[in-house]
Amino acid sequence: MKDYTVDKIRNVALVGHGSSGKTSLAAALLFDTGVTSRLTKVDKGNTVTDYDPDEIERKISINATPCFCEWKDHKVNVVDTPGYSNFLWDTRAALRAVDGAAVLVDAVAGVEVGTEKVWEMLEEHGLPRIIVINKMDRENAHFNRALDSIREFFGRQAVPVELPIGEEKAFAGVVDIVAKKATTFEKDESGKMTEGPVPAAMSEEVEKRYKELLEMVAESDEKLMEKYFETGALTPEEFRAGLKKSILNRQIYPVFAASGVANIGAQTFLDGVLAYLPSPVEAGKVKATVKGEASSVEPSPEAPFAAVVYKTISDPYTGRISLMRVLSGRVNPDATVFNPGRDTDEKLGGLFFLQGKEQVSAGQAKAGDIVATAKLKATVTGDTLSAKGSGIVLDPISFPLPSISFAIEPKTRADEDRISQATHRITEEDPTVRIERDPNTSQLLISGNGELHVRIITERLKKRYNVDVDLKPPKISYLETIKGRSDVQGRHKKQTGGRGQFGDTWIKFEPLPRGKDFEFEDKIFGGSIPRNFIPSVEKGLQEARKKGVLAGYPTVDFKAILYDGSYHDVDSSDIAFKIAASKAYKKGIREAKPTLLEPVMNVEIYTPEAYMGDIMGNLNGRRGKVQGMEQKGTMRVLKAQVPMSEMLDFEPTLTSITGGRGSFLMEFSHYEEAPSHIQQKIIAEAVKDGRVKPEEED
């Protein structure tokens with residue numbers, strides 16, 4: 068492959084709702100530019116960008132996968148991204164690798180849930196974008212209806228630069244409104260095209276759309292507006308330059324028409340990418356911290372090297388592959404670079420461009436390009452790699468918090484032995500997955516962005532690492548505490564012939580503020596208990612409090628004051644005082660008004676305004692307490708605190724209420740006392756499960 072200057076590179080993400088045709092359009096681009104010898108298909112499972120077995124099986128994109136092609140003396144890097152909500156974290160990360168995006172909209176369905184979500188991401192990243200009304204060959208495809216849907220959601224800035232020639236089965240090509248020419252395509256999926264004049268039946272519509280576009284361009288610039296009002300026209304050069312500037316400034320979103328599956332409009336779309344989306348040079352400097360000061364990096368090969376790792380692929384056979392966008396400078400395949408976040412050098416394991424899963428060797432990587440390397444030791448997704456001594460640190464990548472958790476149980480002892488290393492590899496690749504053991508329930512928990520996300524992770528554990536697990540609802544990590552005070556004796560005496568066991572303690576129990584866990588105070592005076600046995604009393608309490616008296620959950624937020632006791636010169640021992648303390652704990656906690664604490668979660672729900680009432684009603688039924696509301700883009704954000712036990716089935720409920728338009732984030736907030744009827748239910752379940760015996764109940 069030839070060496071491209073920075074201004075001849077384009078980096079574009081294909082984004083949109085799931086099944087809007089992103090992968091099929093990428094397949095058409097690769098075929099039309101000679102990367103593949105045939106037009107690959109999602110339903111045949113042979114596309115370049117959906118190569119993961121889970122993607123092939125489900126016929127959806129799960130990973131943000133890069134590919135590239137050469138077109139009219141340019142290199143175009145394309146990232147095919149997921150559109151389903153469970154995997155949008157990877158789409159978000161991929162946006163750090165590109166300078167612009169193509170938003171695909173289904174010509175039948177119009178704007179959908181995923182379209183709104185990726186649009187919000189593009190707004191957050193400030194990325195210029197073009198819109199493609201795709202699947203124009205489908206039954207009930209309607210360009211103007213889809214355009215109306217786009218404008219309803221995203222405003223009148225969405226302006227066609229192409230019109231379709233025909234719709235549904237009659238879709239045969241496109242008219243370029245700017246150049247006022249038609250391009251028709253063969254119906255054999257070959258991509259063969261013929262340019263010609265605008266069909267007579269479309270000339271009036273083309274002129275109308277041309278004038279609309281001209282006025283939008285004029286409105287975007289004061290000088291152009293003055294000239295347009297004075298003369299009623301702009302020169303072709305002024306028009307094209309003004310259009311490009313408006314697109315880069317996100318004042319205009321040019322709309323195209325295509326069908327990736329039929330391979331109609333893919334090449335004119337590529338022309339649009341070159342004409343309307345920015346090169347890395349046009350995208351400009353990128354914010355960075357340089358030697359501790361707010362600064363930026365220049366998209367120049369001559370500047371110091373800096374890159375952001377936007378994705379990690381962990382494979383049991385090929386090892387760890389790090390994908391990075393080079394933002395400045397250049398780097399060789401055998402270079403040693405610096406990771407400032409980890410304060411360590413990293414030796415690159417070669418450089419290569421990714422064509423889906425295929426690796427194409429790269430002799431060098433420089434500013435503006437997307438490249439991969441292997442075998443980095445410490446670097447993870449979101450890290451900066453830069454020239455040592457440059458002091459360059461790029462902004463990290465933010466990822467959503469997990470919204471759902473399951474318990475995972477290895478099916479066999481062999482699975483249990485392998486699970487630790489396998490889960491480590493999984494979290495290297497997917498930074499939104501959390502796998503950790505709950506210290507209170509001892510369950511191994513896996514948390515992710517939705518049930519589908521978690522199930523795919525467990526399937527990967529089996530397919531890639533031969534670890535088979537069962538998914539189960541997580542046990543709630545309840546705690547126990549006390550609301551009152553008590554003063555009790557804990558006495559242990561055992562005589563079995565020979566040396567016996569004797570320990571005698573008097574302990575006061577009192578509550579502590581929430582979050583203080585446990586305090587032990589030694590107030591023994593006069594030697595009623597020898598000093599060497601005091602640690603045994605504390606240890607006995609520590610061990611005993613692991614199992615509460617109500618439902619067997621750990622007891623927290625209380626103070627134990629050892630103030631008196633007695634001992635026997637021969638029979639007293641460490642174990643005797645541990646047992647005595649344990650007896651004091653059971654009696655003292657029972658007499659100090661024990662109660663159950665439940666975990667409460669901070670929940671942020673993102674939803675269109677129309678569903679707020681239903682969601683608030685649903686939260687009330689879950690014992691939720693609304694903390695506030697705010698506007699974020701087109702979405703309302705509802706903040707609430709809800710008991711964890713009430714959130715286990717919230718994901719499908721929210722999907723049902725909002726038609727899939729809602730999403731939520733959840734993280735632990737605090738513990739608070741559970742209502743009495745909830746406590747009774749928890750205690751009954753503990754007795755049923757054998758966690759406590761009926762006689763142990765309060």
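Here our numbering is used: the first residue of the sequence shown is 68, the next is one more, and so on.
Ideal Cβ placement from N, Cα and C applies to all residues, glycine included.
Hey, residue i and residue j: beta-carbon distance below 8 Å or not?
i      : j      : result
LYS108 : THR148 : no
ALA325 : VAL178 : no
ILE543 : MET711 : yes
ARG552 : LYS650 : no
PHE793 : SER389 : Missing from the structure shown is residue 793; the chain here goes from 68 to 765 and no further.
PRO347 : ALA434 : yes
ARG480 : ASP450 : no
THR548 : ASP624 : yes
LYS254 : PRO264 : no
THR701 : GLU183 : yes
GLU588 : LYS539 : no
VAL709 : ARG690 : yes
THR335 : VAL245 : no
TYR652 : LEU608 : yes
TYR343 : ILE197 : yes
PRO463 : ASN516 : no
ALA95  : VAL115 : no
GLU718 : GLU518 : yes
PRO498 : VAL534 : no
VAL102 : GLN422 : yes
GLN568 : LYS575 : no
GLU739 : LEU663 : no
ARG392 : ALA374 : yes
GLY619 : VAL759 : yes
I'd like the span of the alpha helix (DSSP H) that includes residue i, first residue to last.
i      : result
ASN779 : Outside the shown range of the chain (68 to 765) lies residue 779, about which nothing can therefore be said.
ASN211 : 210-221
VAL759 : First-last for VAL759: undefined, no H or E at that position.
TYR295 : 289-298
LEU348 : Before going further, note that residue 348 is Val rather than Leu in the sequence given. Element bounds for VAL348: 347-350.
VAL604 : 601-611
ASP340 : Correcting the residue identity first, residue 340 is Val in this sequence and not Asp. That run of the alpha helix (DSSP H) goes 333-343.
Who does residue i pair with in a DSSP beta bridge?
i      : result
ASN144 : ASN78 and PHE135
LYS378 : LEU390
VAL704 : TYR673 and GLU697
THR250 : VAL241 and GLU262
ARG196 : ALA168
GLY515 : ILE471
ARG276 : Note: ARG276 sits in no beta bridge, so no partner.
VAL709 : MET668
GLY632 : THR572
ILE437 : ARG392
ASN406 : THR411
ALA225 : TYR320
ILE127 : In the DSSP output, where bridge partners are listed per residue, ILE127 has none listed.
GLY177 : ASP173
Since residue i is in the beta strand (DSSP E), which residue starts that stretch and which ends it?
i      : result
TYR738 : 730-740
GLU588 : 585-589
HIS84  : First-last for HIS84: undefined, no H or E at that position.
SER553 : 553-561
PHE592 : Premise fails: PHE592 is in no beta strand (DSSP E) and is neither H nor E.
ASP571 : 568-578
LYS539 : 536-539
PHE420 : 419-422
GLN426 : 425-428
SER323 : With the sequence shown as reference, residue 323 is identified as Phe, and Ser is not the correct amino acid for it. Run containing PHE323: 320-324, per the beta strand (DSSP E) assignment.
LEU230 : 229-232
The ligand GDP heavy atoms versus the CB of residue i: any closer than 7 Å?
i      : result
PHE221 : With respect to the ligand GDP, the structure offers nothing, as it holds no ligand at all.
Determine, for residue i, whether the minimum Cβ-Cβ distance to residues of chain B falls below 8 Å.
i      : result
LYS650 : Among the chains of the structure shown, chain B does not appear; only one protein chain is present.
Practice item. Identify every run of the alpha helix (DSSP H) within the region 448-513, keeping only runs that are complete inside it and at least 4 residues long; order them along the chain. Key: 480-496
Check your understanding: Does the region 625-642 touch the region 672-679, meaning 3 or more C-beta pairs lie closer than 8 Å?
Key -> no
Check your understanding: Between the region 309-325 and the region 221-237, do three or more beta carbon pairs fall short of 8 Å?
Key -> yes
Practice item. For the region 195-211 and the region 234-247, state whether three or more C-beta atom pairs, one from each stretch, are separated by less than 8 Å. Key: Contact between the region 195-211 and the region 234-247 is present, with at least three C-beta pairs closer than 8 Å.
Point to revise | Touch test, the region 368-386 against the region 438-447, Cβ-Cβ under 8 Å, three pairs minimum | key: Yes: at least three Cβ pairs fall under 8 Å.
Check your understanding: How about the region 115-129 and the region 291-311: do they share at least three Cβ pairs that are nearer than 8 Å?
Key -> Remark: fewer than three beta-carbon pairs, one from each stretch, lie closer than 8 Å, so the region 115-129 and the region 291-311 are not flagged as touching.
Practice item. Could you tell me whether the region 526-533 touches the region 484-491, where touching means 3 or more Cβ pairs closer than 8 Å? Key: yes
Check your understanding: Touch check for the region 638-646 and the region 593-607: three-plus C-beta pairs under 8 Å?
Key -> yes
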